[in-house]
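These notes concern the structure reproduced below.
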Amino acid sequence: AQRVTQPEKLLSVFKGAPVELKCNYSYSGSPELFWYVQYSRQRLQLLLRHISRESIKGFTADLNKGETSFHLKKPFAQEEDSAMYYCAIIQGAQKLVFGQGTRLTINP
Amino acid sequence: EPEVTQTPSHQVTQMGQEVILRCVPISNHLYFYWYRQILGQKVEFLVSFYNNEISEKSEIFDDQFSVERPDGSNFTLKIRSTKLEDSAMYFCASSEAGRPTTNEKLFFGSGTQLSVL
């Protein structure tokens, strides 16, 4: 079964510093991966998906099949980036499998 | 942007009682989901629902759980006899199509925090 691992429960960086939230997956086929974000007191929302190769709010994530990783990166962190971030992979037809989540705190 | 609405935001119940969690998906969406998150753990898939029937369910979704779309707008999750371990945040979600792929997004509600005492 597909699985995602987010090794860091907590990550704290200073404003303006680069951010990298790690996500590794296990799946032998072609994975479909996502990053979801949950800001304080808000709902879980899609941040980006690997198929789109998009950049949202300055964040990017590249699928590395060799390392089975889908790390989320941003070159310059902003205070409003503080949130809970979840990596997720599709399993089967409709099911999203989430990682444990990483709580990102941006210090001023 | 349209939103998925969940009520109540908090629900406290006694062990063994039945609870119904309610969700109003986005109006033109066809696929509906329930996920849950036990405190400190990951968000877990419970069930997906399409065309008035369950299309997929997890091992968590046992006989104590049921889902229903009683009218054209609501989507409910019922737990018949709650257990302490059912305490969690329950998220409803909906999408236009079945897979959250490039062109389709999964929209989540803000969740119902269920506390079983």
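Those protein sequences? They're chains A and B, same order as listed. Numbering (this note's numbering) for the first sequence: 910 to 1017. Numbering (this note's numbering) for the second sequence: 16 to 132. The C-beta atom is built at its ideal place from N, Cα and C for all residues, glycine as well.
Handout entry: Contact list for the stretch 61–76 of chain B against chain A, Cβ threshold 7 Å
Key = Residues SER63, SER70 and GLU71.
Problem - When B:LEU61, B:GLN79, B:CYS38 and B:GLY31 are compared against GLU71 (chain B), the one with the closest alpha-carbon - result: Selection B:LEU61, B:GLN79, B:CYS38 and B:GLY31 evaluated against GLU71 (chain B) yields B:LEU61 as nearest (Cα-Cα).
Practice task
Starting from VAL1006 (chain A), find everything on chain B with Cβ-Cβ shorter than 8 Å and list it in chain order.
Solution key: Here the neighbours are PHE60.
Handout entry: Supposed close pair MET993 (chain A), GLY1008 (chain A) - CB separation, criterion 8 Å
Key = That belief does not hold up - the Cβ atoms of MET993 (chain A) and GLY1008 (chain A) are roughly 11 Å apart, past 8 Å.
Problem - Coarse secondary structure for HIS959 (chain A), derived from DSSP in three states - result: Annotated three-state conformation of HIS959 (chain A) is helix, per DSSP.
Handout entry: Contact set between LEU36 (chain B) and chain A, taken where Cβ atoms lie within less than 9 Å
Key = Chain-order list of chain A residues neighbouring LEU36 (chain B): empty, with the shortest C-beta distance near 15 Å, by a criterion of under 9 Å.
Problem - Residue-level contact to chain A via CB, SER125 (chain B), 8 Å cutoff - result: For SER125 (chain B), the answer is yes, since a Cβ of chain A falls inside 8 Å of its Cβ.
Practice task
Determine the DSSP secondary structure at THR117 (chain B), reduced to helix, strand or coil.
Solution key: The pLDDT assigned to THR117 (chain B) is 48, lower than 50, so where the model puts this residue is not dependable; a value taken from the coordinates is nonetheless given after this. In the structure shown, THR117 (chain B) sits in coil (DSSP, three-state: anything other than H, G, I, E or B).
Exercise for the section: Apply the 10 Å Cβ neighbour rule to ASP77 (chain B) and answer buried if 16 or more other Cβ atoms are within range, or exposed otherwise. Expected result: With fewer than 16 other Cβ atoms within 10 Å, it is exposed.
Exercise for the section: Determine the DSSP secondary structure at GLU9 (chain B), reduced to helix, strand or coil. Expected result: What is shown of chain B runs 16 to 132, which leaves residue 9 (chain B) out entirely.
Handout entry: Reduced DSSP category for LEU99 (chain B) - H, G, I as helix; E, B as strand; rest coil
Key = Three-state result, LEU99 (chain B): helix.
Handout entry: As assigned by DSSP and simplified to three states, the class of GLU18 (chain B)
Key = Of the three classes helix, strand and coil, the one that applies to GLU18 (chain B) here is coil, per DSSP.
Handout entry: Local conformation of GLU83 (chain B) per DSSP, three classes
Key = In the three-state reduction of the DSSP assignment, GLU83 (chain B) falls in the strand class.
Practice task
Just grab the DSSP bridge partners of MET993 (chain A) for me.
Solution key: Residue pairing from DSSP places MET993 (chain A) in a beta bridge opposite A:GLN947 and A:ARG1012.
Handout entry: GLY1010 (chain A): contacting residues in chain B (beta-carbon distance under 7 Å)
Key = Here the neighbours are LYS57.
Practice task
Below 6 Å CB to CB, which residues in the same chain sit around HIS25 (chain B) once its five sequence neighbours on both sides are set aside?
Solution key: Excluding residues within five positions, the ones whose Cβ falls inside 6 Å are GLN128.
Exercise for the section: Could you confirm whether any beta carbon from chain A is found closer than 8 Å to the beta carbon of LEU54 (chain B)? Expected result: Not one chain A Cβ lies under 8 Å of LEU54 (chain B).
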